[in-house]
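Okay, structure first, notes after.
There are 2 protein chains.
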Amino acid sequence: MHLSAKLKYAVCAMLELGLQYRQEFVSVTTLAEKRSIPGPFLEKLLLDLKKAGLTTSRRGPDGGYSLALPPDEIRIGDIFTAVDGPVNFTEGFETQDSSEIATFLADIEQEVREVLNTKTLHELCCHARKLKQLSHPHPFFI
Amino acid sequence: MHLSAKLKYAVCAMLELGLQYRQEFVSVTTLAEKRSIPGPFLEKLLLDLKKAGLTTSRRGPDGGYSLALPPDEIRIGDIFTAVDGPVNFTEGFETQDSSEIATFLADIEQEVREVLNTKTLHELCCHARKLKQLSHPHPFFI
DNA sequence: TATTAATTGACAATATTGGTTAGATATATT
DNA sequence: AATATATCTAACCAATATTGTCAATTAATA
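Those protein sequences? They're chains P and S, same order as listed. With the first sequence counted from 1, adding 1112 to any position gets you my numbering. With the second sequence counted from 1, adding 1112 to any position gets you my numbering.
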């Protein structure tokens, strides 16, 4: 069980947007260069995140993308779901004669969801800032 | 995040072997018919599980597969790992300039592993028996 | 009006998944 | 020894998903 490249790119981009929260909009090109992500691919990705309500955008000069919510209201699981779809362990079991397995795996699925929903983008940002030895740009987000 | 067909088949097969534990060896054909799994595909799968030390086999007439361990010593995570490889959220981040994300995701990865390692095949068997309203063939496994 | 940058959709290359086929090897029975 | 059973091994194929590109369109700003 590994993360798709798409999801890895998404986490990188969201972290970058998180670190810039309440500053300027960040263009796809800037994001792509900063994290070595193929531009057009990142473009579609950011649209997925927008459709999921995690980012907003502005066109034209000085346009770009920005978080639609404060980082502490964006759970890691939200990013996973927006990009790769929801955690789903039971699909394909209900239909067959394996409903026993479906109900059993539903429990595990729920626990995994909770793991992903416990940590937020804000925590990732704090972690990243700490490692970069940077101070927080907005003290009220500590 | 969903389960591969391969993994679904594996869970089905392991459940079946768990229900037959300490009885006869079960042939690939029997398993395949019981759970509607393409035979040759299941064959490769059971070999993966054998390489991982979860099943044993015997050739020739009345041969087939059997669990290599009692069901309560086989964790669901062991099946996942044997078939799909280990849970790995950090791969691809260490190499880049995203080690911040790698260390952050390592935590989450570990928690997911623990979820999968908490439940055992024995619990799945009990669950299945309960739903089938069958009694346990061996009281000392309750 | 010109420039910037998001949006949309079609498309191509590549990798993975799911599945098949054929043959070799081991075991048990007769 | 011969035969039937059933695992093992490896090569192979088709379908699908993933990853990535390209061109045209739309919106916002100066």
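Backbone N, C-alpha and C fix where the C-beta goes; we use that ideal spot for every residue, glycine too.
Check                                                                                                                 : Outcome
LEU1143/P and LEU1154/P closer than 8 Å at C-beta                                                                     : yes
Pairwise C-alpha distance: THR1215/P and THR1193/P                                                                    : 21 Å
Option in LYS1231/P, PHE1201/P, GLU1212/P with minimal Cα separation from GLN1222/P                                   : PHE1201/P
Cutoff 8 Å; reference GLY1199/P; Cβ partners in own chain excluding five residues on either side                      : For clarity, residue 1199/P is Val in the given sequence; the question names Gly instead. Cβ within range, chain order: GLY1189, PHE1192, THR1193, GLU1221, VAL1224, ARG1225, LEU1228.
Contact set between ASP1196/S and chain P, taken where Cβ atoms lie within less than 8 Å                              : MET1113
Under 9 Å by beta carbon: chain S residues contacting GLY1204/P                                                       : HIS1114, LEU1115, ALA1117, LYS1120
Residue from SER1139/S, ARG1147/S, PRO1183/S, LEU1157/S whose Cα sits closest to the Cα of PRO1173/S                  : SER1139/S
Residues that DSSP places opposite ASN1200/P in a beta bridge                                                         : HIS1114/S
Neighbourhood of ALA1218/S by C-beta, 6 Å cutoff - its chain only, sequence neighbours within 5 removed               : THR1202
Beta carbon proximity, GLU1136/P to chain S, threshold 8 Å                                                            : no
Partner residues on chain S for GLU1223/P, Cβ-Cβ distance less than 7 Å                                               : VAL1227
Sequence ranges, alpha helix (DSSP H) only - wholly within the stretch 1139-1214 of chain P, length at least 4        : 1140-1147, 1151-1163, 1188-1196
8 Å Cβ cutoff, LEU1127/P in contact with chain S                                                                      : yes
ARG1241/S: first and last residue of the uninterrupted alpha helix (DSSP H) it sits in                                : 1233-1244
Residues from the stretch 1172-1199 of chain P in contact with chain S, defined by Cβ distance under 9 Å              : ILE1188, PHE1192, THR1193, ASP1196, GLY1197, PRO1198, VAL1199
Neighbour-count burial assignment, LEU1243/P, 16 or more Cβ in a 10 Å radius                                          : exposed
Under 8 Å from the C-beta of VAL1140/S: neighbouring residues of chain P                                              : None at all; the shortest Cβ gap to chain P is about 18 Å.
Close-in-space but distant-in-sequence residues of the same chain around PHE1205/P (CB under 8 Å, 5 per side omitted) : SER1211, ILE1213, ALA1214, LEU1217
Whether ALA1122/S touches VAL1195/S by CB criterion (8 Å)                                                             : yes
Cβ neighbour criterion (16 or more within 10 Å) applied to ARG1134/S                                                  : exposed
Between the CA atoms of GLU1145/S and ASP1184/S - distance to the nearest angstrom                                    : 26 Å
Check whether ASP1141/S and GLY1151/S have beta carbons under 8 Å apart                                               : The sequence as given places Thr at residue 1141/S; Asp does not occur at that position. Cβ atoms of THR1141/S and GLY1151/S: closer than 8 Å.
Within chain P, partners of PHE1216/S - CB distance below 7 Å                                                         : LEU1236, HIS1239
Neighbour list for ILE1213/P in chain S, Cβ cutoff strictly below 9 Å                                                 : LYS1120, VAL1123, CYS1124, LEU1127, LEU1236, HIS1239, ALA1240
Beta-carbon spacing of ALA1125/P, LEU1158/P below 8 Å                                                                 : yes
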